[in-house]
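Order-wise, the sequence lines are chains A and B. Counting in the numbering used here, the final residue of the first sequence is number 125, and the numbers go up one at a time with none missing. Counting in the numbering used here, the final residue of the second sequence is number 1906, and the numbers go up one at a time with none missing. C-beta atoms are modelled at their ideal positions from N, C-alpha and C, and glycine is treated no differently. Everything on this sheet refers to the single structure shown next.
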Amino acid sequence: MARILLIDDDETVRYALKQVLERAGHQVEEASDGLIGIEKFGVHQPDLVITDIIMPNQEGIETIIKLRRLAPEVLIIAMSGGGRTGNRDFLAMAEKLGAAKVMAKPFRPKELVEAVAALLPQAAA
Amino acid sequence: MGVGTVIGTSPAIEAAAQDMLDAIDIPAALLDSARRVVRVNAAANAFAGDDSTPGLRLVEGQVWPDLCRASDAVGTGASELEELVTGIGERRTVSGAVEYAAQRRGRFKAFRLTARALAGDGGWVLVIQIDRTRLGVAERRLLEAEQRLADISELSSDWIWGTDEELRFVELSAPRDAFWRRVQPSLIGRSCAEILGGCTSPDIVEAGAAAIASRRPIRDCVTVIEVEGKPHRIRFRGKPLFDSNGSFRGYFGLAADITNTYEAESRLQAIAELSSDWYWQTDAEHRFTYMSKANPGVTRLRSSDILGRRRIDTIDRARTDPEALARHADDLANHRPFRDFVYGSSNLGRIRYLKVSGNPRFDREGRFQGHVGTASDVTAMIEAQERRESAERRLKAAVEQMPSGVAIWDPDDRMMICNEEYWKNSGISGPAPIGRTFEDLARSFRSVGHAKVDDVSFESKVQARLKLHRDPGSAIELPLANGRVLQVKERRFDDGTTVSVTTDITELKVRERAIAQQRTLLQTTLDHITDGILAIDEGWRIVAVNDTFAELLGVPDELARVGTHLASVIEWLAQRGDYGSDRPNVSAGKIVDAIAARPRWYDERPVPSGRVISWRVREMQNGGRIIAVADVSEQRQAEQRREQLRTTMGQAQKLEAISRLAGGLAHDLNNMLLPIMTLTEMAMDELPAGSPARDDLERVIGAAEHARGLVQRLLTFSRIGTQSGEPAAIDLSVADAMELVRATAGPDLSVRLVLRAPKIVVRLGATEIQQVVMNLGLNAAQAIGDRPGTLTIETALIEEDDDRLRGNTDLDSARRYARLSVIDDGPGIPPEVLPRIFDPFFTTKPVGQGTGLGLAVVHGLVSQVGGAIEIICDGGARFDVLLPIVESIAGQQNERNPNGADSSDR
């Protein structure tokens, strides 16, 4: 079991992913943008942050940078549904900024569970 | 020496002797026995004192022989003198005369010396000198006449003959001529009447016998005398001699051997008769006295009808040239010869023309004896001549009417006919020189200043002109010094006559020069115009064209020249395929018709050189047309570029908007798809296997997957304009992509891969290359559909001189390019589709089967790295993707796995 902070502005996405992760035995905290995510990261100290890139208030890249500043060892999975300039570029950037894994939306539940398991082997249920 | 010594007597006697001598009133002298003058009388002394010629003076001391032989002694025979001298010597009494004469102070003096021996022993001789000067003059004349006769006789070959009263020949002088020396002796003593009496001849007027009988002069009485067996024709002429009493003393005259002359005359007459038709003679009154027989076949009057008549009375004046007749009458009256007098005569009942020539005859005294001559019947000739003259008159009239100058030259090159215009053209004043030679005329050009050249050049010019005149060729132009220009055409006929025709072409030349200048001006203008210019007349023939015309169109020079029909040029262009290669002939006709149909016409066509040539045809006022062709390639290219740019910009804007839209859409869709897929899967997990709801949810998942693919493509498309991946080796990337194409292609599709650009790195990244190959390959596969077909994918380097590098404005001709071609043998691309083929969301596929983004994506990817796509449709479809080559890192790129460099999108 791991504690996971899920940051996404889309409530349905949060709901779906929370279902997937919880079913996989993880504890999920939600945040609807980067600012809230940083705030909740400080409160909950999660094992893993899964963050969207394009979000209101504070988008994912900035969030990743700030998280890495707060906790350099933090494990981050960045995900994106793409955008005007293309998800590949954001995700590549995220990877460069220290995201342990990047994933393009949409993905299969299994892919996410496997990715989490790969990053947190000790937490695997 | 004293007289006393001579006589030896007393002085009284001597004085008496002197007185006796002095009593003689003519010069006298006394000679002694030694025949020396011992005493002269007073008269002799007086004569001596007259300063006479020394030889004529009786002077003391003179010796008799000397006296006798005094100078200038004439008339005394030597024998007579000798007798006198000798007689005195023998002391006989002699009386003789010594006559002598001398010129004294220019006056003739004649003397007679008479000597008489005196009786007695003294041997004295008395000599008296008688002045015979007056008598001597008469005698001397006679002597001179005689001498002249002798001289004549000596000089003349004629025989000087004479008769006595009985008409017997006597010897007058010794003939000089050998013939007459032989003949004379046989005639002397014979009767003149006997010899001349019987002689008759057709050409003598009066028989000799009659003349002699009546003691009239003998005129040209010819008789034949045989000499040494040979007959000789002797002509006698003679006059009767009468003494002071009127008594007949005989004939005196000349005889000549005219045998040779006669024969010559006979021959002459024969010749005369041969050269003419007959031979005639008239007397001093011009009456016919003789007429020979006419040559056979010639009609003439009978002798009996004409003899005694005058020719002038037989002339038909109406048929005779009055001038010639007047001349003839004048010749007759003045006893002159006449030649070729032609007259008409009606005496035979029909008109005859006769031509006569005659010479006057004169007797020895110069008296006119009439004419002798020849006559010919020239009727046929005159009639022919009249016909000819009539023809010539008509010819002359015709020539005179001709607008050009005409002259006709006879075979001797003498001018026969010349009209006014010809003479006017020559510029020489005065009347036309009919009868003068062409050479004269040619030379007279100098005198009128037509030729201002030195002698040598002038002579060579004259010779050249004569040569041309004698052997005329084509027309020549003769510039005259007065500025006029003559065109001369000459023709020589078989009969030797030459016809010269001159035309004053000065005005023509002036106009020609003006036209030539205009033409030069026009041509110069044309040659310096950048447009090709061609002018045609109303008959569609080229009248002017410049070099640019042929150059621009690539038409052969020999076709684009003056005189060619425009249709030939257009036909040539049509044959070349300028108006469509399928039906060249029909097109050429159509083009000409189209041009003819309206006053203005415009057309633009590409020519094989790749240039675009415009035709601007404009009708001229006179019905011809001016055609200006111009190279409008630059304009068209510029326009095309502008158009392309507009299209490209439109495309870019469209892409921009769409990618913006697509990007946002994709993001949202992806976000929506995530819960759909995730929750559906989770819901499925809740359901037992085999549950119908689970199947439904499977379909939801499938649809979501499909949606994801669509969104993925949308995203790729929206990424256009962002940086492409690392340059990749084209052959390796294409080979990788091929596998995907093969995997998706239908079973009947055969896929060929031809890689000819090894180690070539292009600007496009490996992923993009694969996307290009995938999109084009799938597009091709879909075009082929279920039919069996072949898909060929090939790569190659584009040679630097490839036309596409020049023709395609998207490309930088300084760069090298590789080509990636995707070729199918499907149905091809309909022309109406081509312009929109790269438009986003444009698709020909049924709804749901295509997004319309594939080719738009390819176009975007290729464009953003500076490449280009060319589509060729002949049979199937062929997409040539031209990609710029990356030169510098070509080597390193080879070492890397082109796929390994970028995997993030997988």
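Per-residue DSSP class, three states only, for residue i
i, result
"residue 1415 of chain B", "strand"
"residue 1192 of chain B", "helix"
"residue 15 of chain A", "helix"
"residue 9 of chain A", "coil"
"residue 1791 of chain B", "strand"
"residue 1575 of chain B", "helix"
"residue 1403 of chain B", "coil"
"residue 1129 of chain B", "strand"
"residue 1200 of chain B", "The predicted position of residue 1200 of chain B is uncertain, since its pLDDT is 48 and thus under 50; no value can be drawn from it."
"residue 1838 of chain B", "coil"
"residue 1767 of chain B", "helix"
"residue 1748 of chain B", "coil"
"residue 117 of chain A", "helix"
"residue 60 of chain A", "helix"
"residue 1536 of chain B", "strand"
"residue 1635 of chain B", "helix"
Interface partners of residue i on chain A, CB under 9 Å
i, result
"residue 1677 of chain B", "16, 106, 107, 108 and 109"
Start-to-end residues for the beta strand (DSSP E) that takes in residue i
i, result
"residue 1426 of chain B", "That residue, residue 1426 of chain B, is in no beta strand (DSSP E); its alpha helix (DSSP H) goes 1420-1426."
"residue 1606 of chain B", "1600-1606"
"residue 1501 of chain B", "1498-1504"
"residue 1477 of chain B", "1476-1479"
"residue 107 of chain A", "No beta strand (DSSP E) holds residue 107 of chain A; DSSP gives it neither H nor E."
"residue 1322 of chain B", "Not the beta strand (DSSP E): residue 1322 of chain B falls in the alpha helix (DSSP H), residues 1322-1333."
Short Cβ contact (8 Å threshold) for residue i with residue j
i, j, result
"residue 1857 of chain B", "residue 1869 of chain B", "no"
"residue 74 of chain A", "residue 7 of chain A", "no"
"residue 1382 of chain B", "residue 1356 of chain B", "no"
"residue 1796 of chain B", "residue 1885 of chain B", "no"
"residue 103 of chain A", "residue 77 of chain A", "yes"
"residue 1592 of chain B", "residue 1614 of chain B", "no"
"residue 1037 of chain B", "residue 1014 of chain B", "no"
"residue 1040 of chain B", "residue 1023 of chain B", "no"
"residue 1775 of chain B", "residue 1710 of chain B", "no"
"residue 1456 of chain B", "residue 1443 of chain B", "no"
"residue 1189 of chain B", "residue 1250 of chain B", "no"
"residue 1761 of chain B", "residue 1729 of chain B", "yes"
7 Å Cβ cut-off: residues of chain B touching residue i
i, result
"residue 10 of chain A", "1671"
"residue 54 of chain A", "1667"
"residue 13 of chain A", "1671, 1674 and 1675"
"residue 82 of chain A", "1663, 1666, 1667, 1670 and 1715"
Alpha helix (DSSP H) segment containing residue i, residue limits
i, result
"residue 1369 of chain B", "Not the alpha helix (DSSP H): residue 1369 of chain B falls in the beta strand (DSSP E), residues 1368-1377."
"residue 1252 of chain B", "From DSSP, residue 1252 of chain B is part of no alpha helix (DSSP H) but of the beta strand (DSSP E) over 1248-1257."
"residue 43 of chain A", "34-44"
"residue 1857 of chain B", "1854-1864"
"residue 122 of chain A", "That residue, residue 122 of chain A, is in no alpha helix (DSSP H); it is neither H nor E in DSSP."
"residue 1185 of chain B", "1178-1187"
"residue 1551 of chain B", "1547-1553"
Listed by chain order, chain A residues near residue i by CB distance under 8 Å
i, result
"residue 1794 of chain B", "Under the 8 Å cutoff, chain A gives no residues; its nearest Cβ is about 30 Å from residue 1794 of chain B."
Chain B residues whose Cβ lies nearer than 8 Å to that of residue i
i, result
"residue 98 of chain A", "Neighbours of residue 98 of chain A on chain B: none; closest Cβ ~16 Å, over 8 Å."
"residue 20 of chain A", "1678 and 1682"
Partner residues on chain B for residue i, Cβ-Cβ distance less than 9 Å
i, result
"residue 23 of chain A", "1682 and 1685"
Per-residue contacts from residue i into chain A (C-beta, under 7 Å)
i, result
"residue 1708 of chain B", "106"
Any chain D beta carbon closer than 8 Å to residue i
i, result
"residue 1381 of chain B", "The structure shown contains no chain D; its protein chains are A and B."
Quick check: the stretch 115-122 of chain A against the stretch 33-42 of chain A, are at least 3 beta-carbon pairs closer than 8 Å?
When C-beta atoms of the stretch 33-42 of chain A are compared with those of the stretch 115-122 of chain A, fewer than three pairs fall below 8 Å, so the two segments do not count as touching.
Original post:
Are at least three pairs of beta-carbons, each pair with one atom in the stretch 1506-1522 of chain B and one in the stretch 1595-1605 of chain B, less than 8 Å apart?
Top reply: Contact fails: fewer than three Cβ-Cβ distances are below 8 Å.
query = Would you call the stretch 1820-1831 of chain B and the stretch 1773-1786 of chain B in contact, with 3 or more CB pairs under 8 Å?
reply = Contact holds between the stretch 1820-1831 of chain B and the stretch 1773-1786 of chain B, because three or more Cβ pairs, one in each stretch, are under 8 Å apart.
>> Assess contact between the stretch 1414-1431 of chain B and the stretch 1307-1315 of chain B, defined as three or more Cβ pairs (one per stretch) separated by less than 8 Å. Is contact present?
In response: Under the three-pair Cβ rule at 8 Å, the stretch 1414-1431 of chain B does not count as touching the stretch 1307-1315 of chain B.
Open item on the list: Count Cβ pairs between the stretch 1545-1563 of chain B and the stretch 1525-1532 of chain B that sit closer than 8 Å; are there 3 or more?
Closed with: Enough Cβ pairs lie closer than 8 Å, so yes.
*asked:* With three or more C-beta pairs closer than 8 Å as the rule, is the stretch 25-39 of chain A touching the stretch 56-69 of chain A?
replied: By the Cβ test, the stretch 56-69 of chain A is in contact with the stretch 25-39 of chain A, since at least three Cβ pairs between them sit closer than 8 Å.
Q) For the stretch 1380-1397 of chain B against the stretch 1467-1478 of chain B, are there 3 or more C-beta pairs whose distance is under 8 Å? A) Touching, no, given that fewer than three Cβ pairs across the two stretches are closer than 8 Å.
Q) Hey, is the stretch 1745-1763 of chain B in contact with the stretch 1700-1708 of chain B, meaning 3+ C-beta pairs nearer than 8 Å? A) Look at the beta carbons and you see the stretch 1745-1763 of chain B not touching the stretch 1700-1708 of chain B: under three pairs across the two are nearer than 8 Å.
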